[in-house]
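K.L.:
Please read through the structure below; I'll follow up with questions.
Number of protein chains: 2
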Amino acid sequence: MNVKVNNLIKSIEKVVSPGGVLVGEDVTDRSDTWPPMGGCQAMAIIRPVSTEEVSQVLKLCHAAGQNVVTHGGLTGLVGGAVAGKEDIVLSLERMHRIEAVDTINRTVIVEAGVPLQKVHEAAEEADLLFPLDLGARGSCTIGGNISTNAGGNSVIRYGMMREQLLGVEAVLADGTIISSLNAVIKNNTGYDLKQLFVGSEGTLGIVTRAVLRLRPLPRSCNTALVAIDHFDRVAGFLGAMDSALGGTLSAFEVLWNDFYQTVVGDGSEHIPPLGSSHNFYVLLESTGGHQESDRLRFEGALEEAFESELIVDAVIAQSKQQRQDLWAIRDDIVGLTAKLSPPILFDVSLGISEMDGFVAGVRKQLTNRWPHSKMVAFGHLGDGNIHLTVTVGSHEPSEVHAVETIIYEALGRCQGIISAEHGIGLEKREFLIHSRSAVEIALMKTLKQALDPKGILNRGKIFPE
Amino acid sequence: MNVKVNNLIKSIEKVVSPGGVLVGEDVTDRSDTWPPMGGCQAMAIIRPVSTEEVSQVLKLCHAAGQNVVTHGGLTGLVGGAVAGKEDIVLSLERMHRIEAVDTINRTVIVEAGVPLQKVHEAAEEADLLFPLDLGARGSCTIGGNISTNAGGNSVIRYGMMREQLLGVEAVLADGTIISSLNAVIKNNTGYDLKQLFVGSEGTLGIVTRAVLRLRPLPRSCNTALVAIDHFDRVAGFLGAMDSALGGTLSAFEVLWNDFYQTVVGDGSEHIPPLGSSHNFYVLLESTGGHQESDRLRFEGALEEAFESELIVDAVIAQSKQQRQDLWAIRDDIVGLTAKLSPPILFDVSLGISEMDGFVAGVRKQLTNRWPHSKMVAFGHLGDGNIHLTVTVGSHEPSEVHAVETIIYEALGRCQGIISAEHGIGLEKREFLIHSRSAVEIALMKTLKQALDPKGILNRGKIFPE
């Protein structure tokens with residue numbers, strides 16, 4: 021570290037509470053990727069305890085032109101939190117208070133470093149629901165959920181993080197505190213500034229506090245796994261269920277046959293709930309207000325779908341345990357990737373009408389080039405979002421790049437989106453042009469320039485170099 | 021008109037399709053306010069037929085530093101479309117095509133000048149729903165709905181216009197076309213640029229086309245009017261219904277006693293469905309997927325509310341006609357304002373827990389100052405949004421201003437919002453500071469400066485002078 025940086029870190033030490041600056045092994049022992057591997061390269065990790073301290077730190081960094089990488093729960097999948105040797109990390113790990121649950125207005129104010137699961141628990145204690153939910157719930161933080169506009173399992177019913185957010189407090193690159201802690205659903209008083217910080221991956225400001233919207237806690241839950249033989253009936257089944265269940269459909273996860281076979285096949289711990297010869301499996305769930313009548317409606321809707329030949333087989337969970345067993349199949353990414361090693365992961369959006377052709381097309385291209393390659397498809401089809409896991413038997417950068425190119429070019433041809441949930445970070449920068457035009461990227465840069473003219477916030481992320 | 025302006029208008033004439041430029045009486049015969057009164061003062065009204073033409077017009081205006089006021093359906097209530105003698109109006113009235121309803125992916129692409137009701141009709145023809153709905157549906161346009169982030173009757177279930185919008189095509193101040201016609205629910209590829217144009221009242225760009233999200237068309241509808249005697253039970257009833265109906269509550273409109281008495285009282289055409297001595301009336305509606313079982317659930321939920329003494333009386337609509345009759349009471353703004361003339365209108369958001377105190381407090385202040393003043397309260401309580409209609413027997417600007425000051429200062433004291441749905445426009449500029457901080461307004465101006473450095477888009481709107 022040179023003298024200038026040394027002096028900057030000393031100045032920072034004076035404005036943050038004791039224990040707020042980590043250097044040396046305390047930094048390198050940490051990770052900035054998922055899964056964690058250690059070896060964070062940053063010069064220091066700064067851990068403020070308040071918005072005011074974040075502001076003081078950013079003022080100093082701004083004056084010094086020092087790049088800052090913000091850390092939440094470090095469960096992102098695109099390298100958005102990776103820090104280089106010239107970077108300082110600002111971690112929100114000491115800002116994890118849940119400040120107030122308001123049961124009448126159904127809101128909660130939290131600090132950005134609070135883990136998602138803690139918010140679930142606080143809401144549930146107040147007989148309310150915070151609906152955003154994803155696998156990383158125990159580690160990921162609300163700040164990270166905001167900066168990546170997290171999605172997950174209940175988007176079909178409640179929308180993404182953007183829709184759960186009423187207000188934010190954030191700190192701009194120069195240390196200015198924007199306190200925009202709106203707590204109402206409707207606020208048309210000028211520009212909705214919080215939108216700037218949602219999904220911008222820490223490049224436009226650092227969110228320090230948030231007002232979240234809570235919902236009534238569902239009183240019923242019905243879950244089924246169904247088998248379908250043709251893709252067009254998957255789309256038809258989605259429409260039929262969404263309509264018959266009156267907007268209470270809360271999950272519609274599709275597993276292509278290859279996913280199902282891989283996860284429940286030889287050597288698996290799962291007991292296959294349905295035969296494994298069907299082309300598609302749908303895990304669907306509906307939550308509502310009255311267990312008995314919701315159950316009847318759920319069964320009735322499935323019966324109708326069966327009679328109209330949309331589905332060919334179905335199993336309805338009869339207990340909490342059975343529900344968990346069904347979800348365990350969908351969620352067994354560890355089991356999946358163990359059999360597709362080394363895995364290359366994709367998270368794409370596209371029109372439901374394009375999906376079957378897209379999956380078949382890229383599968384063919386991959387097999388042509390790598391005869392032993394494997395690809396499985398699954399995901400939040402109700403949101404137009406599928407995940408692909410591919411292996412070509414190698415993790416060589418050139419091979420990975422060739423796979424990415426095949427998939428993103430195919431996506432571009434059907435107006436698909438290269439990142440539905442995960443964001444762009446470092447890893448998808450090069451491919452951003454497949455989903456966004458040069459004019460759009462130029463306007464993004466105009467915003468970046470306006471809010472962070474020195475470019476000190478998460479420099480190098482999102483934008484192609 | 022001076023030579024420079026004359027030349028500009030001649031240049032514009034060359035880039036728009038025949039009939040695209042109105043001047044003289046064709047302008048002054050038109051209105052730019054609601055209700056329409058004629059007398060638009062603009063130098064010309066330009067009527068492009070395509071995004072490309074909008075771009076050409078803006079390029080010319082930008083080069084000339086010419087201010088442009090965009091016109092949609094002209095049903096706004098805050099003077100956002102008012103044009104002065106130095107302004108040119110750009111009207112999207114010739115861009116009203118519905119380009120494509122996609123029934124599988126449930127989207128529709130429309131031009132910005134299409135009236136809301138035409139989108140309702142196109143969706144319904146495809147057995148789908150476009151859920152945004154407001155009184156001005158026959159005249160207001162999708163472009164206006166976007167630029168004001170319109171709300172209306174079904175926000176509690178589906179959210180505001182922002183939540184119905186997947187993508188936009190817009191033209192920036194300098195004529196740059198931003199084609200960001202995203203058609204998927206999940207797209208985390210960099211900044212979500214469409215958010216810039218939602219609720220910014222034509223000050224950051226002109227939306228020319230939009231991709232809208234459609235929903236399943238409900239198969240059931242249940243409506244009731246209930247009477248409640250204490251405000252805390254209104255809030256309790258909202259929570260109970262939202263929970264018992266499992267998220268299918270699609271309207272929760274509250275009428276304070278004064279509204280009900282004014283609208284159904286002496287000389288009214290309405291037959292009062294409930295006695296008029298109760299303190300609060302709630303019009304609630306639930307839509308779902310199955311008429312028979314939804315009806316049972318709706319009745320059961322009301323019965324429970326009755327037994328737990330949340331409500332004291334109720335009438336459930338037994339036919340379409342009875343439903344219409346109940347809604348006619350809520351929607352009888354003409355009948356209301358006839359008895360509160362001249363009316364001063366307010367559209368505020370605040371915490372449900374603050375509402376009763378706020379209404380009582382301002383009522384007292386108004387009566388103290390104007391003993392014969394009247395105020396009625398009603399609105400979308402499920403969204404934290406109420407409307408107030410006040411009369412003090414005069415429409416003198418100083419009197420109106422005094423009323424506004426009382427109400428907005430009271431709102432500021434309870435973190436209320438001076439405009440829930442209507443926007444700021446010209447009329448609420450002065451009061452913006454009651455809902456937004458100086459730092460927030462400065463950041464809004466940073467955005468305005470970045471996107472429209474010459475300040476030619478709807479100059480003078482939103483920001484206090």
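Taken in sequence, the protein lines are chains A and B.
To convert, take the position in the first sequence, counting from 1, and add 20; that gives the numbering used here.
To convert, take the position in the second sequence, counting from 1, and add 20; that gives the numbering used here.
Yeah, the Cβ is synthetic: ideal placement off N, Cα and C, and Gly gets one too.
1. Can you list, in chain order, the residues of the region 61–72 of chain B whose Cβ is nearer than 7 Å to any Cβ on chain A?
2. Mind the definition here: the region 83–92 of chain A touches the region 185–192 of chain A only if three or more C-beta pairs lie below 8 Å; say whether that holds.
3. From B:Ala143, B:Asn173, B:Gly222, B:Asn202, pick the residue whose C-alpha is nearest to that of Leu471 (chain B); which is it?
4. Among A:Ser220, A:Ser167, A:Asn299, A:Ile162, which residue has its Cα nearest to the Cα of His250 (chain A)?
5. Compare the C-alpha of Arg456 (chain B) against each of A:Asn207, A:Arg50, A:Pro473, A:Ile349 and name the closest.
6. With a floor of 4 residues, list each alpha helix (DSSP H) that falls wholly inside the region 168–239 of chain A, ordered by position along the chain.
7. Could you name the residues that DSSP lists as bridge partners for Ser1 (chain A)?
8. Classify Gly480 (chain B) as helix, strand or coil using the three-state DSSP reduction.
9. Report all residues from its chain with a CB closer than 8 Å to the CB of Ser51 (chain B); omit the five preceding and five following residues, and keep chain order.
10. Counting only Cβ pairs nearer than 9 Å, list the residues of chain D close to Ile372 (chain B).
11. Using DSSP's beta-bridge definition, name the partner residues of Gly402 (chain B).
12. Going straight from the alpha carbon of Leu467 (chain B) to that of Leu467 (chain A), what length do you get?
13. Would you mind telling me which residues of chain A sit closer than 8 Å to Val89 (chain B), beta carbon to beta carbon, in chain order?
14. Rounded to whole angstroms, what's the CA-CA distance from Arg117 (chain A) to Leu265 (chain A)? Just pull it up for me.
15. In whole angstroms, what separates the C-alpha of His421 (chain B) from that of His415 (chain B)?
16. Whose C-beta lies closer than 7 Å to the C-beta of Ala103 (chain A) among residues of the same chain, with five residues either side of it excluded?
17. Within its chain, find whatever has a CB closer than 6 Å to the CB of Ala487 (chain A); leave out the 5 residues flanking it on each side and keep chain order.
18. With H, G and I counted as helix, E and B as strand and the rest as coil, what does DSSP make of Val43 (chain B)?
19. At a CB-CB cut-off below 8 Å, which residues of chain B make contact with Gln184 (chain A)?
20. Please check if any C-beta of chain A sits within less than 8 Å of the C-beta of Ser75 (chain B).
21. Excluding the 5 residues flanking Gln311 (chain A) on each side, which residues of the same chain have their C-beta closer than 6 Å to its C-beta?
22. Taking the alpha carbon of Trp54 (chain A) as the reference point, which residue from A:Gly155, A:Leu269, A:Gly381 has its own alpha carbon closest?
23. Taking Thr307 (chain B) as part of the beta strand (DSSP E), name the residues at either end of that continuous run.
24. Could you confirm whether any beta carbon from chain A is found closer than 8 Å to the beta carbon of Leu386 (chain B)?
25. Residues in the region 302–321 of chain B with C-beta within 8 Å of chain A's C-beta atoms, listed in sequence order?
26. So, are the CB atoms of Ser37 (chain A) and Val69 (chain A) less than 8 Å apart?
27. Check whether the region 279–289 of chain A and the region 320–337 of chain A touch, using three or more Cβ-Cβ pairs below 8 Å as the test.
28. Any Cβ of chain A within less than 8 Å of the Cβ of Lys79 (chain B)?
29. Note down, one range per segment and in chain order, each alpha helix (DSSP H) of at least 4 residues found wholly within the region 33–109 of chain B.
30. Could you check whether Thr409 (chain B) and Val423 (chain B) sit closer than 8 Å to each other, using their CB atoms as the reference points?
31. When the Cα atoms are used, what is the spatial distance from Ile291 (chain B) to Val274 (chain B)?
32. Sort out for me which residues DSSP pairs Lys474 (chain B) with in a bridge.
33. I'd like to check one pair, Ala203 (chain A) with Thr127 (chain A): are the Cβ atoms closer than 8 Å?
34. By Cβ distance below 6 Å, which residues in the same chain neighbour Ala146 (chain A) in space, the five residues on each side in sequence not counted?
35. Check for me: the alpha helix (DSSP H) holding Ala334 (chain A) runs from which residue to which?
36. Cβ closer than 9 Å: which chain A residues qualify as neighbours of Met464 (chain B)?
P.N.:
If we stick to the structure as given:
1. none
2. no
3. B:Gly222
4. A:Asn299
5. A:Asn207
6. 175–178, 181–184
7. Outside the displayed range of chain A (21 to 485) lies residue 1 (chain A), so it cannot be described from this structure.
8. coil
9. Met57, Gly58, Gly59, Cys60, Leu94
10. Checking the listed chains, one finds no chain D in this structure; the protein chains it contains are A and B.
11. Note: Gly402 (chain B) sits in no beta bridge, so no partner.
12. 7 Å
13. Those do not exist, as Val89 (chain B) stays about 18 Å from chain A at its closest Cβ, beyond 8 Å.
14. 37 Å
15. 10 Å
16. Asp52, Cys60, Gln61, Ala62, Val89, Val109
17. As shown, chain A starts at 21 and ends at 485. That puts residue 487 (chain A) outside it, with no answer to give.
18. coil
19. The premise fails here: Gln184 (chain A) is roughly 11 Å from chain B at the closest Cβ pair, so nothing lies under 8 Å.
20. no
21. Ser240
22. A:Gly155
23. 300–308
24. no
25. Thr307, Gly308, Gly309, His310, Ser313, Asp314, Leu316, Arg317, Gly320, Ala321
26. yes
27. no
28. no
29. 45–48, 71–84
30. no
31. 18 Å
32. The partner list for Lys474 (chain B) (beta bridge, DSSP) is empty, contrary to what the question assumes.
33. yes
34. Val121, Thr123
35. Element bounds for Ala334 (chain A): not the alpha helix (DSSP H) but the beta strand (DSSP E), 333–336.
36. Gly210, Tyr211, Leu213
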